[in-house]
Each structure stands twice: as C-alpha cells, then as structure tokens.
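Once you know that position 16 of the sequence shown is 16 in full-length UniProt numbering, the rest is easy, because the numbers rise by one and skip nothing.
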Amino acid sequence: MIEILSPSEIARARETGALVAHILQTVRSRAAVGVNLLEIDAWTKEMIFDAGAVSCYVDYAPSFGRGPFGHYICTSVNDAVLHGRPYDYTLADGDLLSLDLAVSLGGVVADSAISFHVGDRRPPAEVALIEATERALAAGIAAAKPDARVGDISFAIGAVLSGAGYPVNTEFGGHGVGTTMHQDPHISNIGEPGRGYRLRPGLLLALEPWVMADTDELVFDDDGWTLRSATGCRTAHSEHTIAITEDGAEILTLPRN
Numbered sequence: 001m002i003e004i005l006s007p008s009e010i011a012r013a014r015e016t017g018a019l020v021a022h023i024l025q026t027v028r029s030r031a032a033v034g035v036n037l038l039e040i041d042a043w044t045k046e047m048i049f050d051a052g053a054v055s056c057y058v059d060y061a062p063s064f065g066r067g068p069f070g071h072y073i074c075t076s077v078n079d080a081v082l083h084g085r086p087y088d089y090t091l092a093d094g095d096l097l098s099l100d101l102a103v104s105l106g107g108v109v110a111d112s113a114i115s116f117h118v119g120d121r122r123p124p125a126e127v128a129l130i131e132a133t134e135r136a137l138a139a140g141i142a143a144a145k146p147d148a149r150v151g152d153i154s155f156a157i158g159a160v161l162s163g164a165g166y167p168v169n170t171e172f173g174g175h176g177v178g179t180t181m182h183q184d185p186h187i188s189n190i191g192e193p194g195r196g197y198r199l200r201p202g203l204l205l206a207l208e209p210w211v212m213a214d215t216d217e218l219v220f221d222d223d224g225w226t227l228r229s230a231t232g233c234r235t236a237h238s239e240h241t242i243a244i245t246e247d248g249a250e251i252l253t254l255p256r257n
C-alpha cells in the first residue's frame, strides 16, 4: 500500500517527527558509559507514553522477526546494525550505538535513526562510517522531488556509500510511512536512476542508509531480531522521515530548537 497524505495529515506528521527527534536526542544525551540498554528502552517507553503516542515496535511481528519485538526502541551496538533488541548490556567507552525509533501520534507515523559513539573513544574509521551514512541520507533527501523516481533516491544514496568504499546490502532499506510504519515503496540503498515509483506531494518516506565496514552480509542473533555484520565489523545507520512537497522534500524528524 502507498498512501498520499492530506495537508492535515502532513501537519500531524510534523508533530510526530518532532517527537521522534526529541526522544532520540534525549536518549543520545543520556546514553553514557555505564548505561544499560534496558534503561534506554524504559526511558523511551516513558517519553512515548507521556506524549500520548503509540509505539510502532512493541507489538510489531513481521515475517522476518521471531514473535513481537517487545520493546520500544532499537538499540544496535557495534557490529549490530538493524533491529537491535534491547537486552541486559551496559554501554562501554567507544561503543558505537545506533538508535532507531518509530512512533505514531495522531494516527501518523514517523521513523528515524542515529548512530554515535558512547564516551570519549571515537576511532576515525568509525567516525567516517557514521559520516558516510549521514552524507548518503542528505544525498537521498536532495534527490527526493516531485516527479522524481524512487530509483533516483536509491542511486543518490548508493553513490555516496559505494564511493566511500562500503559494500551495500539490498535486503533492508527505506520505505513509505503514513498511518502505518512500513509501507510501499521499498527504497533500496543502491539502484538505477529513472526507475520505480514516481514521487508525488503528500508521500511520506523513511530514508535509511546503513552500512557495514567490510561486508554486505547480515546474520541474525539468537533473539530472532538483531541483525549483525557477518564479519563482526562496525556498522552505522542514519534515517529521516521526509514529506514530498511541491518544492522538494521536507525533513520531519529534525530536532527542534
């Protein structure tokens, strides 16, 4: 299903996006050495409930998972890159943490992800990994214009990631959002320009470049959810929800000052 949202729904999406950005930035500011991933999940739950919002994750049970996700935020550490299920793990100096959050507020969903180092140790190669996903995200957003194609976004993202020397996995990528978290169209992180669904004003998309330093192969944890690099290398993930407008793309999940 592909939804085209009305102006009133886009207005609600802005509020959802602001909430997602606020929660992610709040958690990032608290994610210090010695913090447990289960604490992060509890903080997220409290902020979602306090805002009168609904988690898109806690009851989420797609075909690739093992039962409901059961938590409120994805916490992927080091070689984990997607769907990191919070567990009893205490963050250490130099851990590379990716947070991925989707909530529904007023019946409209927003989805975003950030990657950053915990503590003071920030190896340059890992900083470059994070920055590559951020540049790729910016390139994908710049390509998202009315009458452009999904393939134009995929090509722009992939050009940055491949140009930085990283393999690109095509199993998981961006997607449409709206009244539900995962919708068509699928947006691969590499592709051919001029192909795929034509973008229209009112379309909401979650663009999410993610990479692993030296492989494009994923492996599942025993929890049935957490996806890690097959080689144990570090990973990074950046994501924004955008709305296609008459003029281009509006980023809905930027933090408000």
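We put the beta carbon where it would ideally sit given N, CA and C, even for glycine.
Please look up how many angstroms separate the CB atoms of residue i and residue j, rounded, as I've assumed it's under 8 Å.
i           : j       : result
Asp-93      : Val-33  : 5 Å
Ala-110     : Ala-13  : 6 Å
Leu-5       : Gly-202 : 5 Å
Leu-91      : Val-35  : 5 Å
Ser-63      : Val-81  : 20 Å between Cβ atoms; not a contact.
residue 308 : Val-168 : Outside the shown range of the chain (1 to 257) lies residue 308, about which nothing can therefore be said.
Ile-251     : Ile-244 : Contact flag wrong, Cβ pair sits at about 12 Å.
Val-211     : Leu-96  : Incorrect: roughly 12 Å between the Cβ atoms, too far for contact.
Pro-209     : Ile-157 : 5 Å
Leaving out five residues before and five after residue i in sequence, what residues of the same chain have Cβ atoms less than 6 Å from its Cβ?
i       : result
Gly-248 : Lys-145
Glu-9   : Val-108
Thr-180 : none
Glu-3   : Gly-178
Thr-170 : Ser-188
Tyr-89  : Leu-37
Ser-153 : According to the sequence as given, residue 153 is Ile; it is not Ser. Cβ within range, chain order: Gly-140, Ala-143, Ala-144, Ile-187.
Asp-100 : Cys-74, Ala-113
Provide the residue span of the beta strand (DSSP E) that contains residue i, from first to last.
i           : result
Val-77      : 74-77
Glu-250     : 249-251
residue 272 : Shown here, the chain extends from 1 to 257; a query on residue 272 therefore has no answer.
Val-81      : 80-82
Arg-228     : 227-229
Ala-236     : 235-237
His-240     : 240-244
With a CB to CB cut of under 8 Å and the five nearest residues on each side skipped, what residues in its chain are close to residue i?
i       : result
His-71  : Asp-41, Tyr-57, Val-58, Arg-85, Pro-86
Pro-68  : Val-58, Asp-59, Tyr-60, Ala-61
Trp-43  : Thr-26, Val-27, Arg-30
Arg-121 : Asp-93, Gly-94
Glu-246 : Pro-146, Pro-201
Val-219 : Leu-227, Arg-228, Ser-229, Ala-230
Ala-53  : Thr-16, Leu-19, Val-103, Ser-104, Leu-105
The alpha helix (DSSP H) with residue i in it runs from where to where?
i      : result
Ser-29 : 7-30
Ala-42 : 37-50
Give every residue of the same chain whose Cβ lies closer than 7 Å to the Cβ of residue i, excluding the five residues on either side of it in the sequence, and list them in chain order.
i           : result
Gly-151     : Gly-191, Glu-192, Pro-193, Gly-194, Arg-195, Gly-196
His-175     : His-182, Gln-183, His-186, Ile-187, Ala-206
Arg-135     : Val-160
residue 258 : This structure does not reach residue 258, given that the chain is present from 1 up to 257, and the question cannot be answered.
Ala-164     : Ala-132
Ala-18      : Arg-256
Asp-79      : Arg-228, Ser-229, Gly-232, Cys-233, Arg-234, Thr-235
Asp-214     : Thr-231, Cys-233
Glu-15      : Leu-105, Gly-106
Leu-254     : Ala-21
His-83      : Cys-74, Trp-225, Thr-226, Leu-227
Arg-198     : Asp-147, Arg-149
Phe-172     : Leu-82
Can you find a C-beta in chain B that's less than 7 Å from the C-beta of residue i?
i       : result
Val-127 : Absent from the structure: chain B. Only one protein chain is present.
| What are the start and end residues of each continuous beta strand (DSSP E) run of 3 or more residues lying completely inside the region 134-216, in chain order? | 174-177, 183-187, 204-207, 210-212
| field | Sufficient close CB pairs (3 or more, under 8 Å) joining the region 139-156 to the region 108-122 | value | no
| field | At least 3 beta-carbon pairs within less than 8 Å: the region 219-238 vs the region 102-110 | value | No: fewer than three Cβ pairs fall under 8 Å.
| field | Whole alpha helix (DSSP H) elements within the region 104-129, 4-residue minimum | value | none
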